[in-house]
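First comes the structure, then the notes that go with it.
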Amino acid sequence: MSTETRLQTPLFLLRAGVFIVMFMWTADKFVNPAHSAAVYERFYLIGGLGEMAFLVIGLLELAVIVGFLLGVRKTLTYGVILALHAVSTLSSWQQYLGFDNLLFFAAWPMLAACYALFVLRDLDTKFTLAKFA
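The following block contains the structure:
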């Protein structure tokens, strides 16, 4: 079995796993926009966004993450996912000081997964819409 063939399932599982996390963060914008507002204010220093802003942001994110899951326009969608998660991970730098917020450390392996998917995007073809890649 070739290396490319052996990579298909692990890359798909990484893509599906990253999608699940990103989907939950996106769904939060629809389900609990007040929580999203608090996150944006605390971690991204962006305050004053209303509920409508989070619905628009959520719709844009949803389009990107569905495209990511389906392997559509990989350079764009995988790149946006990598950038969004990098900003999220790095903006939480204070959470990495000490042992009070250990769950935040899960962001680092996910960031590595996002990077690996971006770099290996041409090999990630299992369950993708290849003609739109």
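In terms of the working numbering, the sequence shown opens at residue 464 and continues consecutively.
Built from N, CA and C at the ideal position, the CB exists for glycine as well.
For clarity, every value in this text was computed on a predicted model and none was experimentally measured.
query	result
Given this structure, state the Cα-to-Cα distance separating residue 560 from residue 475, to the nearest angstrom.	33 Å
Going by DSSP in three states, residue 464 sits in which element: helix, strand or coil?	coil
Would you please state the rounded distance, in angstroms, between the beta carbons of residue 527 and residue 538? I believe it to be under 8 Å.	The pair is not a contact, with the Cβ atoms about 12 Å apart (cut-off 8 Å).
Measure from the alpha carbon of residue 583 to the alpha carbon of each residue in 551, 465, 477, then state which is nearest.	477
What would DSSP say about residue 507, mapped onto helix, strand or coil?	coil
Assuming the contact rule is C-beta atoms closer than 8 Å, residue 620 and residue 534 should be a hit. Round their C-beta distance to whole Å, please.	An answer regarding residue 620 cannot be provided, because it is not within the stretch 464 to 596 covered by the chain.
Please go through the stretch 489 to 572 and give each complete alpha helix (DSSP H) segment of 4 or more residues, from N-terminal end onward.	496 to 506, 514 to 533, 537 to 554
Just the C-alpha distance for residue 569 and residue 486, rounded to the nearest angstrom, thanks.	16 Å
Just to confirm, are residue 426 and residue 493 a CB contact at a threshold of 8 Å?	Look at the range of the chain in this structure, 464 to 596, and you will see that residue 426 is not part of it.
Rounded to whole angstroms, what's the CA-CA distance from residue 552 to residue 543? Just pull it up for me.	14 Å
Can you tell me the Cα-Cα spacing of residue 468 and residue 576, whole angstroms?	19 Å
Of the choices 589, 466, 501, 563, whose alpha-carbon is the least far from that of residue 531?	589
What does a CB cutoff of less than 8 Å around residue 558 pick up in its chain, not counting 5 residues either side in sequence?	564, 567
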